[in-house]
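Chains as they are written, first to last, in the working numbering: chain A, 1 to 387; chain B, 388 to 774. The beta carbon of each residue, even a glycine, is placed where N, CA and C say it ideally should be.
Protein chains: 2
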Amino acid sequence: MRDAYVVGAGQSRYGAFPDESYRSLFTTAYEAAMTEADLDAAAVDEAVVGTLGVGGRQIGLSGPAVTEHVGLHGVPCTRVENACAAGGYAVRSAVQAVKSGMADVVVAGGFEVMTDLSGDVSKYWLGVSGETEWERLTGTTFSGVYAQMASAYLDAYDASPDHFSKVAVKNHANGAKNPKAHLGFECSLDDARSAPMVAEPLNLYHCCPTTDGAAVVVVASADVAASCDHAVRVAGVGAASERVGLFQRDSYTSIASSRRAAEAAYEMAGIDAADIDVAEVHDCFAIAELLAYEDLGFCDPGEAPRLIDDGVTELDGELPVNPSGGLKSKGHPIGATGTGQVVELFDQLTERAGDRQVSGADIGLAHNVGGSGGATVVHVLEGGASP
Amino acid sequence: MRDAYVVGAGQSRYGAFPDESYRSLFTTAYEAAMTEADLDAAAVDEAVVGTLGVGGRQIGLSGPAVTEHVGLHGVPCTRVENACAAGGYAVRSAVQAVKSGMADVVVAGGFEVMTDLSGDVSKYWLGVSGETEWERLTGTTFSGVYAQMASAYLDAYDASPDHFSKVAVKNHANGAKNPKAHLGFECSLDDARSAPMVAEPLNLYHCCPTTDGAAVVVVASADVAASCDHAVRVAGVGAASERVGLFQRDSYTSIASSRRAAEAAYEMAGIDAADIDVAEVHDCFAIAELLAYEDLGFCDPGEAPRLIDDGVTELDGELPVNPSGGLKSKGHPIGATGTGQVVELFDQLTERAGDRQVSGADIGLAHNVGGSGGATVVHVLEGGASP
């Protein structure tokens, strides 16, 4: 099997940008990634673009609509969509394209523009990724779905809403060090505790924002990577699906697709969870970060609150999680999110993450969840492994 | 590079099915394909599903929403979308997955349910694949876009609307032999000539219908294919993008992405256009089939009308095109169309196409166009090449 490397990565700022379009945001991310890789458009064999298509802009052919804007018309372009995991699956497809031998340089990116919609429309658009008949059509938003998981978790284990608030405090502390973050400010435990309720037991600080943004990574073969300044090997890729509707699942306190995707990624990389030095996980809601700790094997079921209490996942802890600020503070521009996680790991594993650099990070994990777990993808990246 | 084979293929009937859902249609296609491949769900490493998401059913996560219904929850599933080429790109992604070594058995499918929408909504949904700012928002439908191409073609070459009508007559003659076809009846040249105008110079018989349907193929590695009853090698895959908006292109009488995709597919397969024995091409409008003849290298620019006049592309001609009936007669359930073309070629190249069997067909070509050419994918399949 051919090796695949990330050789460049870039992103726009995440936030609310009334003066930007999906194309301008994508262009910013693309140009940053290509500049870093020191490659130009003529080198690109293929492109994969992840987006949910929020807001009714270019829905069909949204991949070619952004790649033509950066001068890649002609180049094969595939749009992939797996709800909030679209960007992670775009990276996975790019890795497969390189490993297949059909491409040496693949641009994988994602984008979303969400903040110019009214709250109701925004909820509708996110709702299209919920199970249709028994979630969306009954009025269940994603906040409601994750609130059910949070309630079940509080019932099952020794945990309290304060653990959700501590996730927010940690991620905002990291995001405050990230110049690209949407909500790049610190919050106190008191702030997080006293925020308005969204869906019991999740309050506003337990929910990520809706965000505009784009992220791009360049995935390349070993031959190409050998002449790039920076190269991070894609050591493992795991993906799995799960029943789309929460009510159809065996468990509300674990996401089976996360477990399965992580196991597959670890097996491919020949490592286990204990080898991970830094992780970007899908904290669309604070409960999701706690579930991720357990599903990714960072701790046993029910032990996630201890990791938060003990500071294990803080920036200077034993296993820093979401140094970027995560979806909570960095933001969650749906189609960009999974690609943006890989951007952060690329910076971390090449020791260029500035104030939020995790010291001695060689192996990083990105965990990107679509919907409430209908599709998950996990990447294991290995620094210091230039071809 | 590992070889990839199609080892099973199935489809639902194409048509208007008020008693079916997108899931039931997909299930019919999946079960037919898996039965033919003699594989069960446990053998499936991965799934790729193409759909535009017409009609506002499950839009996000529509891949996992259908694969869970056939018992594939757990299996990695990626939705791909490139407008009307979604199904062809799903096959391409499956081929890459097998060639990458990350999968041995991949289910590639597509579906769409369109006929339960009012005409206006249906036009809107197709419109989302047109260029947004200067086509869709100005009211240009796809009929209008292709009518511009047809007008330019009539201006440039020795051609008349009768050539469009002859495409319809040929494809209906083939579709009448296809029990799965939506409009499985013959039409006379007089019928086709005298149909109501849709968008000058294209009349109703020069336009494909809106259709419900699903199609699935099973793509497998050589090891798996060796133990299957039927195996058709994927000898070549080519894909290309192009500017999404027609008005931005250099030519209205040629689709650059079709040319580029075909060249890439021929190069990978080590053949040229003259080696093709049978082709399924993207005749969403009759003009599109004529352009395909030229863009795929079956004849020189301006010569497509001669191929139709001389019967070259009829079922018993030198190079039969659209033996299935094509989009015109078999139907065009957007996400299923490209996969369904491969289903037809699989049947043709394994000599099981019944009354519409092309005699002595060893090499087949499938040509699937998204929108008016923003994305095109071409597959070259080789029969009699069991591993």
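Any C-beta of chain B under 8 Å from that of residue i
i: A/R243; result: yes
i: A/A391; result: Residue numbering for chain A in the displayed model covers 1 to 387; residue 391 of chain A lies beyond these limits and cannot be assessed.
i: A/L266; result: Note on identity: in this sequence residue 266 of chain A is Tyr, with Leu being the wrong assignment. Judged by the 8 Å Cβ criterion, A/Y266 is not in contact with chain B.
i: A/M114; result: no
i: A/G374; result: yes
i: A/T27; result: no
i: A/M1; result: yes
i: A/T141; result: no
i: A/C77; result: yes
i: A/P387; result: no
i: A/P209; result: no
i: A/L52; result: yes
i: A/A235; result: no
i: A/H73; result: yes
i: A/G371; result: yes
i: A/S251; result: no
i: A/T339; result: no
i: A/A269; result: no
i: A/S93; result: yes
i: A/Y89; result: yes
i: A/A173; result: no
is_contact[residue i, chain A] using C-beta, thresh 8 Å
i: B/E455; result: yes
i: B/G722; result: no
i: B/P405; result: no
i: B/E468; result: yes
i: B/S516; result: yes
i: B/L448; result: yes
i: B/I445; result: A small fix is needed here, since residue 445 of chain B is Gln in this sequence, not Ile. Chain A, which has a Cβ nearer than 8 Å to the Cβ of B/Q445, makes this yes.
i: B/L504; result: no
i: B/Q483; result: yes
i: B/M489; result: yes
i: B/T369; result: Residue 369 of chain B lies beyond the range of chain B shown here (388 to 774); nothing can be said about it.
i: B/A627; result: yes
i: B/K383; result: What is shown of chain B runs 388 to 774, which leaves residue 383 of chain B out entirely.
i: B/A612; result: no
Proximity test, residue i beta-carbon vs the ligand MG heavy atom, cut-off 7 Å
i: A/G110; result: Among the components modelled here there is no ligand, and therefore nothing to report on the ligand MG.
Beta-carbon separation (whole angstroms), residue i vs residue j, contact threshold 8 Å
i: A/V145; j: A/L246; result: 5 Å
i: A/V167; j: A/L290; result: 7 Å
i: B/V631; j: A/P64; result: 5 Å
i: A/M149; j: B/G488; result: Not quite, the Cβ-Cβ distance comes to about 35 Å (not below 8 Å), so this is no contact.
i: A/G335; j: A/G50; result: 4 Å
i: A/V6; j: A/G236; result: Not confirmed; about 13 Å, so no contact.
i: B/D503; j: B/P405; result: 7 Å
i: A/A37; j: A/C228; result: 6 Å
i: A/E81; j: B/S628; result: Not a contact, Cβ separation roughly 17 Å.
i: A/G317; j: A/L349; result: Not confirmed; about 18 Å, so no contact.
i: B/A495; j: B/A477; result: 5 Å
i: B/T465; j: B/S480; result: 7 Å
i: A/R193; j: A/D223; result: Contact flag wrong, Cβ pair sits at about 53 Å.
Under 8 Å between C-beta atoms of residue i and residue j
i: B/T604; j: B/T726; result: The residue you asked about is not Thr; residue 604 of chain B is Val in the sequence shown. For B/V604 and B/T726, yes; Cβs fall inside 8 Å.
i: B/A679; j: B/H559; result: no
i: B/E681; j: B/A691; result: yes
i: A/S372; j: A/P301; result: no
i: A/V281; j: A/L296; result: yes
i: A/D212; j: A/G60; result: no
i: B/G497; j: B/S716; result: no
i: B/A428; j: B/S608; result: no
i: B/P463; j: A/A239; result: yes
i: B/C471; j: B/C594; result: no
i: B/A601; j: B/S408; result: no
i: B/G718; j: B/L570; result: yes
i: A/T141; j: A/G127; result: yes
i: A/A159; j: A/Y252; result: no
i: A/P201; j: A/A156; result: no
i: B/Y417; j: B/V457; result: yes
Hey, is the segment 315-324 of chain A in contact with the segment 344-360 of chain A, meaning 3+ C-beta pairs nearer than 8 Å? yes
With 7 Å as the C-beta to C-beta threshold (strictly closer), list the residues of the segment 30-50 of chain A near chain B in chain order. none
Can you list, in chain order, the residues of the segment 274-299 of chain A whose Cβ is nearer than 7 Å to any Cβ on chain B? none
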